[in-house]
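So for the sequence shown, full-length UniProt numbering puts the first residue at 1; every next one is plus one. For glycine and all other residues, C-beta sits at the position ideal for the given N, C-alpha and C.
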Amino acid sequence: MQGFGRQWNFPNCAGAIDGKLVTITKPAKSGSIYYNYKKTFSIILFAVVDANYRFIYTDVGAPGSQGDGGVWQTTPLQKNITNETAGLPDGVKVASSPDIVVPPVLVGDDAFPIGRNLMKPFSDKKLTEDKKIFNYRLSRARRVVENAFGILANRFRFLHTVINAKPERATAIVDAACVLHNFVGMDGMSDGDAHLELGNTSELNMQPSPCGRINAIGAAVRQQLCDFFGNEGAVPWQREAAHIDPPQPYSFGYDTTDEFGTRLYQKEQGDASNAKTGSYGYRDANGLFRTVSYVADAGGFRATVDTNEPGTAPGASADAVFNANPVAAPAIAPGSGRNAGGRYGGAGPWASASGAAAAGYGAAGPWAG
Numbered sequence: 001m002q003g004f005g006r007q008w009n010f011p012n013c014a015g016a017i018d019g020k021l022v023t024i025t026k027p028a029k030s031g032s033i034y035y036n037y038k039k040t041f042s043i044i045l046f047a048v049v050d051a052n053y054r055f056i057y058t059d060v061g062a063p064g065s066q067g068d069g070g071v072w073q074t075t076p077l078q079k080n081i082t083n084e085t086a087g088l089p090d091g092v093k094v095a096s097s098p099d100i101v102v103p104p105v106l107v108g109d110d111a112f113p114i115g116r117n118l119m120k121p122f123s124d125k126k127l128t129e130d131k132k133i134f135n136y137r138l139s140r141a142r143r144v145v146e147n148a149f150g151i152l153a154n155r156f157r158f159l160h161t162v163i164n165a166k167p168e169r170a171t172a173i174v175d176a177a178c179v180l181h182n183f184v185g186m187d188g189m190s191d192g193d194a195h196l197e198l199g200n201t202s203e204l205n206m207q208p209s210p211c212g213r214i215n216a217i218g219a220a221v222r223q224q225l226c227d228f229f230g231n232e233g234a235v236p237w238q239r240e241a242a243h244i245d246p247p248q249p250y251s252f253g254y255d256t257t258d259e260f261g262t263r264l265y266q267k268e269q270g271d272a273s274n275a276k277t278g279s280y281g282y283r284d285a286n287g288l289f290r291t292v293s294y295v296a297d298a299g300g301f302r303a304t305v306d307t308n309e310p311g312t313a314p315g316a317s318a319d320a321v322f323n324a325n326p327v328a329a330p331a332i333a334p335g336s337g338r339n340a341g342g343r344y345g346g347a348g349p350w351a352s353a354s355g356a357a358a359a360g361y362g363a364a365g366p367w368a369g
């Protein structure tokens, strides 16, 4: 549980839960039981994931017509937690007050029923600032399970297709993929790979939970965490990330040379509307030096490439050089520095010189290929 507190700023979290639809061919004489809202036939991979994208519990094979909340209610894990036989550790103190002891919790989305050991977002129409912050902190921790599904599907590409097998056989195949995923771990995976399917993996969220009644104990635990996140458990960036405070203007830049003596540089600035403008230079795979000017704002990412060397005409579209356009990165704190400060992926040409690393643009940045 320390992993979620240390890596994702959600203390006493035992795991993130969610479900993923796995498409199969229509089973014979099955009617509509495997038919889901996406108009395909599927089984459900229901999982609990730890802070390092490992599957610590899976329940595979439920018909695709069920939703997350419905699958959860039928799992042995849910019954064991309800009966207090799941072997969860005792609650721990998350605040300085000795009266605030929080039990170990799982984090899920709004499809799940809240409980003593299961947290979900606040769904009030008019959220207070503290509730917005809680929802952000929970969402940040819960995204780990979505990331794990993304890694799994991109590691075992058959999960992007239709499995031509009976439900029982498909269940065994998916179970085996989860075991192999844990065995391999994060070897050979970059930070960007974990985000390839964000927005697609939480596929059951559109289905309402059959248990809409608020559990009073669960609501009290959630409120304790909400109070903690708003006070001594606060992190510096949460108000901006929760869209309470506007983005802060910033600027940064660096200037260095590569092993060929070629100048590598970048400068960028962002304003209070979260629009970003900048430019950078790099040497591509063909040995040509490129200068890129870009804008990232509500209209998307736009860039042009200029060079004095043969191969690309001045002002050509960035697509002439880029294998994949980067996406707009979140704003960083005000200030400036010589390196990218964690905004760009480690695959950049300046990685060895400036130490830049992080998932702002991911592995498929403009320098790929």
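Contacts around residue i, its chain only, beta-carbon distance under 7 Å, and the 5 residues preceding and following it disregarded
i	result
residue 226	130, 131 and 134
residue 160	153
residue 87	none
residue 33	63 and 65
Sub-8 Å separation of residue i and residue j beta-carbons
i	j	result
residue 138	residue 107	yes
residue 57	residue 148	no
residue 299	residue 289	no
residue 41	residue 68	no
residue 19	residue 43	no
residue 105	residue 94	no
residue 62	residue 71	yes
residue 167	residue 76	no
residue 178	residue 55	yes
residue 175	residue 305	no
residue 81	residue 170	no
residue 145	residue 17	yes
residue 100	residue 228	yes
Alpha-carbon to alpha-carbon, residue j and residue i
i	j	result
residue 4	residue 242	19 Å
residue 253	residue 264	11 Å
residue 9	residue 287	42 Å
residue 277	residue 245	21 Å
residue 123	residue 13	20 Å
residue 114	residue 7	24 Å
residue 249	residue 271	4 Å
residue 15	residue 50	5 Å
residue 180	residue 21	19 Å
residue 302	residue 185	36 Å
residue 90	residue 117	11 Å
residue 215	residue 127	19 Å
residue 110	residue 236	26 Å
residue 239	residue 224	18 Å
residue 295	residue 255	20 Å
residue 173	residue 39	22 Å
residue 37	residue 29	19 Å
residue 220	residue 35	37 Å
residue 11	residue 218	16 Å
residue 74	residue 231	37 Å
residue 140	residue 121	11 Å
residue 156	residue 165	16 Å
residue 234	residue 151	30 Å
residue 293	residue 183	43 Å
residue 85	residue 266	56 Å
residue 83	residue 279	59 Å
Cβ-heavy atom distance, residue i to the ligand COA, below 7 Å
i	result
residue 266	For the ligand COA, the structure offers nothing, since it holds no ligand at all.
Three-state secondary structure (DSSP) of residue i
i	result
residue 139	helix
residue 130	helix
residue 112	coil
residue 373	Residue numbering for the chain in the displayed model covers 1 to 369; residue 373 lies beyond these limits and cannot be assessed.
residue 45	strand
residue 106	strand
residue 151	helix
residue 121	coil
residue 50	coil
residue 144	helix
residue 93	strand
residue 185	coil
residue 81	helix
residue 15	strand
residue 27	coil
residue 173	helix
residue 291	strand
residue 161	coil
residue 4	helix
residue 21	strand
residue 58	strand
is_contact[residue i, chain D] using C-beta, thresh 8 Å
i	result
residue 242	Here chain D cannot be found, since the structure has a single protein chain.
Close beta carbons around residue i, own chain, < 6 Å, minus the five adjacent residues each side
i	result
residue 222	119
residue 78	72
residue 297	275
Neighbourhood of residue i by C-beta, 8 Å cutoff - its chain only, sequence neighbours within 5 removed
i	result
residue 136	238, 241 and 242
residue 291	279, 280, 281, 305, 306 and 307
Subject >> Continuous beta strand (DSSP E) assignments of at least 3 residues falling wholly in the stretch 211 to 279 >> reply: 250 to 257 and 263 to 270
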